[in-house]
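Residue numbers for the sequence shown, in our numbering: 4 to 78. Below: one structure, written as structure tokens.
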Amino acid sequence: MSAASSPIGQSVWPIYGHEWAVHLLQRTLDPQAAGPHHAYLFLGPPQVGKSTLARSFAQALLCSAEQGRPCGVCR
4 MSAASSPIGQ SVWPIYGHEW AVHLLQRTLD PQAAGPHHAY LFLGPPQVGK
54 STLARSFAQA LLCSAEQGRP CGVCR
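What follows is the structure, given as structure tokens:
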């Protein structure tokens, strides 16, 4: 797998090729940051990973196990 097609933080967020978006969203989850804003828009052409990115962000935001990392176990 090349660097361009490898998932960002494979064990953390299963996102391919959107490093800038993942890092932007991960920074909002930092406990020392101001916190997440009240709304996010995930825009772009079909089939580029908007829903996957939004779901991973929501999981990380709501996860009770570890700050900024969706565990995939909690609900």
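For glycine and all other residues, C-beta sits at the position ideal for the given N, C-alpha and C.
If I follow the unbroken alpha helix (DSSP H) through residue i, where does it start and stop?
i   : result
H26 : 22-31
In three-state DSSP terms, what is residue i?
i   : result
Q62 : helix
Inspect the beta-carbon positions of residue i and residue j and report whether they are closer than 9 Å.
i   : j   : result
L2  : P39 : What is shown of the chain runs 4 to 78, which leaves residue 2 out entirely.
V25 : L56 : yes
R72 : C66 : yes
Residue i and residue j look like a contact to me (Cβ under 8 Å); what is the Cβ gap, rounded to whole Å?
i   : j   : result
F60 : K53 : In fact, because the Cβ distance is near 11 Å, the residues do not count as touching under 8 Å.
Assign residue i to buried or exposed, taking buried as 16 or more other Cβ atoms, counted over all protein chains shown, within 10 Å of its Cβ.
i   : result
H21 : buried
L27 : exposed
P49 : exposed
W23 : exposed
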